[in-house]
């Protein structure tokens with residue numbers, strides 16, 4: 008609509024120019040006749056010319072007013088268009104793009120993927136095209152004004168419109184310079200990492216005609232704050248040195264994407280700030296700053312652009328990673344849009360924390376946490392407080408409760424415990440967890456209540472309270488008096504499962520018959536049993552293969568006997584599937600319990616072993632078959 012009006016205005020103005028030229032010719036004719044001494048009918052000619060001149064002047068005055076009116080109407084239409092463009096752009100940049108960035112942030116702690124940028128880019132490119140066309144219209148209006156100056160009798164909107172459309176374009180360009188692939192948020196020194204930066208309007212503004220260079224630097228939280236306070240500041244100050252930190256943006260014609268991927272960056276050195284109070288190294292946040300400048304319209308406009316990565320925590324050793332992840336989880340989950348870098352609340356409501364923990368655990372292990380699991384975690388998280396309630400929805404968990412102060416009677420924090428069981432599950436029994444075979448988040452007391460109503464041999468698996476990254480098996484046994492008792496196996500850790508898997512250990516232990524409530528263990532775990540024959544064949548180099556089995560020793564003092572349905576202590580037969588041909592004997596190592604301890608001591612030990620180092624009921628490496636050796640062998 009404005010383009011059509013502008014064309015009509017230009018035609019009208021061109022007609023005025025023609026008429027003005029005709030009037031100028033008449034004026035010149037009059038001047039020439041007046042200078043002639045003997046011109047016949049001089050006075051009559053001058054009178055006629057004067058009349059034509061007056062008519063032209065009157066017409067030009069009317070048409071000039073019409074042009075002025077059209078200019079004002081066009082300016083008002085441009086003003087309305089720019090208001091609408093501003094609203095649409097605000098929705099795209101402040102709603103849709105910010106939502107994508109938030110999804111990208113949550114994806115860093117296990118949320119769903121943020122999705123591709125193609126739709127957003129198409130919106131931004133359409134905006135860029137419309138804004139650029141309107142800016143060109145404003146430039147044409149300025150040119151028409153220069154060609155036909157007419158004094159304005161009211162407020163001139165053109166300077167404001169020129170400034171507004173340029174501001175819209177500047178905001179669009181600077182806001183669409185984004186990090187498509189974030190650098191790792193736990194950044195280890197001297198380790199290669201990658202990142203990707205993209206300009207969502209690069210294809211429409213021909214920025215790629217002069218490929219821009221992008222530079223990456225690492226800056227501290229305080230430097231990031233200073234940068235946002237002064238957008239025009241030249242950010243040359245850094246907090247470390249990154250190798251391979253410069254790249255040139257490349258335009259991909261088939262996709263219309265203008266981006267650059269840094270594939271081999273490495274943090275060579277970091278300069279840390281003085282820490283505040285009790286702040287740890289793994290609570291200090293940095294960010295990777297990406298900077299560039301774009302030239303538009305053959306250098307007519309130059310935009311200096313920059314964007315900050317999500318906060319990163321720099322570590323030097325692998326043992327710092329767990330605490331660093333806690334900092335990142337808290338920041339990604341609970342930061343607010345438009346914050347001052349990198350301000351986060353010191354405490355949050357438990358439902359928000361539960362949602363973050365569930366996302367993290369589900370991303371690592373597939374199956375989400377149940378309401379019962381989250382209730383158990385809440386009780387553990389608030390165990391340092393005297394709270395007599397099962398409703399945690401209105402309670403707030405502080406950063407100190409989360410990962411600074413140890414839990415009661417423990418040497419580790421709530422997060423370190425949670426991270427330990429999450430990683431144990433991910434590395435060693437992700438499949439059984441997804442099958443629902445691992446109850447996991449259940450207390451010793453709850454496990455006992457569940458099992459006491461079940462037959463002997465019923466068992467469940469729960470994460471250890473006393474050990475980071477440990478899982479224990481609670482099962483129903485029977486003492487000499489025929490009474491059912493619930494026993495807890497000393498916790499297994501990842502080191503144990505590196506030797507023999509959880510499923511194989513459950514298979515080994517004849518005391519374990521039914522997975523709670525009543526599932527035969529073979530049904531629950533057979534998918535995850537090792538195929539010994541295949542393993543032996545793969546390693547056959549002329550040796551007789553040996554296998555390892557887990558056993559549980561008899562517990563003296565309480566008269567508890569370990570009923571074993573498959574009698575793993577018995578020597579295997581010649582037809583045993585688990586042993587090589589000719590195996591006839593078994594070597595076992597069984598940890599003993601001091602027989603001088605009285606019954607009370609043993610009872611106390613059974614009550615407390617899961618809370619301390621534990622009764623030595625750890626699976627014993629035994630059952631190593633030895634091949635029969637012919638009597639005449641040497």
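In this note's numbering, the protein residues as written are 8 to 641. Don't be surprised by glycine CBs; every beta carbon is placed ideally from N, CA and C. Predicted, not measured: the structure shown is a model, and the values here were computed from it.
Extent of the continuous beta strand (DSSP E) run through residue i
{"i": "residue 492", "result": "491–495"}
{"i": "residue 297", "result": "293–303"}
{"i": "residue 97", "result": "Unbroken run through residue 97 is the alpha helix (DSSP H), 49–97; no beta strand (DSSP E)."}
{"i": "residue 409", "result": "Counting along the chain, residue 409 falls outside any beta strand (DSSP E), though it belongs to the alpha helix (DSSP H) covering 406–410."}
{"i": "residue 220", "result": "220–227"}
{"i": "residue 171", "result": "It is not in any beta strand (DSSP E) - residue 171 instead sits in the alpha helix (DSSP H) that spans 165–182."}
{"i": "residue 148", "result": "No beta strand (DSSP E) contains residue 148, which is instead part of the alpha helix (DSSP H) from 125–154."}
Residue i, DSSP secondary structure in three states
{"i": "residue 617", "result": "Legend: pLDDT at residue 617 = 40, less than 50; position of this residue unreliable, value from coordinates given subsequently. Residue 617 falls in the coil class under three-state DSSP."}
{"i": "residue 417", "result": "coil"}
{"i": "residue 310", "result": "strand"}
{"i": "residue 17", "result": "helix"}
{"i": "residue 248", "result": "strand"}
{"i": "residue 387", "result": "helix"}
{"i": "residue 470", "result": "strand"}
{"i": "residue 642", "result": "A query on residue 642 cannot be resolved here, the shown segment of the chain reaching from 8 to 641 and no further."}
{"i": "residue 376", "result": "coil"}
{"i": "residue 607", "result": "Legend: pLDDT at residue 607 = 40, less than 50; position of this residue unreliable, no value from coordinates given."}
{"i": "residue 427", "result": "helix"}
{"i": "residue 516", "result": "coil"}
{"i": "residue 11", "result": "helix"}
{"i": "residue 350", "result": "coil"}
{"i": "residue 344", "result": "coil"}
{"i": "residue 460", "result": "coil"}
{"i": "residue 432", "result": "helix"}
{"i": "residue 507", "result": "coil"}
{"i": "residue 35", "result": "helix"}
{"i": "residue 43", "result": "coil"}
Beta-bridge pairing of residue i - partner residues as DSSP gives them
{"i": "residue 266", "result": "205 and 257"}
{"i": "residue 521", "result": "465 and 527"}
{"i": "residue 477", "result": "500"}
{"i": "residue 321", "result": "194"}
{"i": "residue 272", "result": "200"}
{"i": "residue 277", "result": "247"}
{"i": "residue 356", "result": "403"}
{"i": "residue 186", "result": "204"}
{"i": "residue 117", "result": "DSSP, once it has assigned bridges, lists no residue as partnering residue 117."}
{"i": "residue 315", "result": "296"}
{"i": "residue 447", "result": "469"}
Nearest candidate by alpha-carbon position, reference residue i, set the options
{"i": "residue 207", "options": "178, 233, 22 and 226", "result": "178"}
{"i": "residue 520", "options": "281, 466, 263 and 316", "result": "466"}
{"i": "residue 189", "options": "255, 259 and 110", "result": "110"}
{"i": "residue 361", "options": "372, 346 and 377", "result": "377"}
{"i": "residue 17", "options": "204, 155 and 263", "result": "155"}
{"i": "residue 168", "options": "184, 191, 143 and 181", "result": "143"}
{"i": "residue 402", "options": "357, 382 and 81", "result": "357"}
{"i": "residue 30", "options": "292, 46, 56 and 43", "result": "56"}
{"i": "residue 400", "options": "412, 384 and 407", "result": "384"}
{"i": "residue 267", "options": "247, 215 and 310", "result": "215"}
{"i": "residue 90", "options": "141, 124 and 150", "result": "141"}
{"i": "residue 390", "options": "371, 406, 373 and 413", "result": "413"}
{"i": "residue 115", "options": "191, 217 and 307", "result": "191"}
{"i": "residue 264", "options": "246, 205, 276 and 275", "result": "205"}
{"i": "residue 482", "options": "503, 277, 460 and 500", "result": "460"}
Contact test: residue i Cβ vs the ligand MG heavy atom, cutoff 8 Å
{"i": "residue 150", "result": "Of the ligands one can find in the structure shown there are none, so the ligand MG has no counterpart to examine."}
Cβ of residue i within 9 Å of any chain D Cβ
{"i": "residue 510", "result": "Although the question refers to chain D, the structure presented lacks it and comprises just one protein chain."}
Span of the alpha helix (DSSP H), counted from its first residue to its last, around residue i
{"i": "residue 556", "result": "No alpha helix (DSSP H) contains residue 556, which DSSP labels as neither H nor E."}
{"i": "residue 438", "result": "437–442"}
{"i": "residue 339", "result": "328–341"}
Checklist entry - Do the region 193–202 and the region 158–175 meet, that is, are 3 or more Cβ pairs less than 8 Å apart? => result With contact defined as three or more Cβ pairs closer than 8 Å, the region 193–202 and the region 158–175 are not in contact.
Checklist entry - Is there contact here, the region 215–235 with the region 297–312, by at least three beta-carbon pairs under 8 Å? => result yes
Item to check | Validate contact between the region 469–478 and the region 426–435 using beta carbons, cut 8 Å, 3 pairs | outcome: yes
Checklist entry - Are the region 437–457 and the region 416–423 in contact at 8 Å, needing three or more beta carbon pairs? => result no
Item to check | Touch test, the region 81–99 against the region 133–147, Cβ-Cβ under 8 Å, three pairs minimum | outcome: yes
Checklist entry - Is the region 434–445 touching the region 487–498, taking contact as three or more C-beta pairs under 8 Å? => result no
Next on the checklist: Taking 8 Å as the cut-off, does the region 431–439 touch the region 498–513 (at least 3 CB pairs, one atom from each stretch)?
Outcome noted: yes
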